[in-house]
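Below is one structure, written out as structure tokens; the observations come after it.
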């Protein structure tokens, strides 16, 4: 409606204000509780995917550091990869670009890694971190370390199916259930003893 006021006209609306829409229901996967352990697990997963990307491309830490144009040193990169130094988002962006990786894809891969949590009980494949197992002090893991050395895997994480668990159990001279327990306990102990890492 147009209302004349002297030499000026004011345009007003007779339409009703838009109805308030109710917020859409959130994805249940986005409403899961987060705690300090989950945050640390995600940060550790980010470090692992960076390390795995570099190894997959057969790049040294010095070469990746050089690609950052001096923004990240070789020593700093080593600390980021092992989780001994907090990794800020801006630094993560620099390292991702130095590796030629999409940052979003890296974070998605890290999130998937956190979702795969080995369990002590039950059956089926488990995913373990090779570096964590190699650094474990449990003497029962000596045959496992030799097994990984002989395989020469370039990946930082390995999924062990029932057949692989059976083979490891045989070289360890334990049952498959005991093998699973030893492996999962070693990984959990390594993560619990790591320096807390945050992303952000």
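Numbering (UniProt numbering), first residue to last: 1 to 200. Ideal placement from N, C-alpha and C gives every residue a C-beta, glycine not left out. If you're wondering where the values come from, they're calculated on a predicted model, not measured in any experiment.
Within its chain, find whatever has a CB closer than 6 Å to the CB of residue i; leave out the 5 residues flanking it on each side and keep chain order.
i: residue 159; result: 125 and 127
i: residue 106; result: 49 and 96
Near residue i, which residues of its chain fall below 8 Å by C-beta distance, leaving aside the five closest residues on each side in sequence?
i: residue 176; result: 162, 165, 166 and 169
i: residue 59; result: 99
i: residue 73; result: 65
Could you tell me whether the Cβ atoms of residue i and residue j are closer together than 9 Å?
i: residue 48; j: residue 110; result: yes
i: residue 98; j: residue 65; result: yes
i: residue 69; j: residue 44; result: no
i: residue 171; j: residue 144; result: yes
i: residue 77; j: residue 61; result: yes
i: residue 101; j: residue 53; result: yes
i: residue 51; j: residue 81; result: yes
Measuring alpha carbon to alpha carbon, tell me which of the options ends up nearest residue i.
i: residue 150; options: 134, 140, 138 and 139; result: 134
i: residue 140; options: 112, 174, 51 and 132; result: 174
i: residue 67; options: 41, 108 and 91; result: 91
i: residue 46; options: 89, 188, 146 and 142; result: 89
By Cβ distance below 7 Å, which residues in the same chain neighbour residue i in space, the five residues on each side in sequence not counted?
i: residue 71; result: 94
i: residue 138; result: 182 and 186
i: residue 179; result: 165, 168, 169 and 172
_Uninterrupted alpha helix (DSSP H) stretches inside the region 60-143 (no shorter than 4 residues)_ = Those alpha helix (DSSP H) runs which fall completely within the region 60-143 and span 4+ residues are 61-67, 74-82, 89-98, 103-115 and 130-135.
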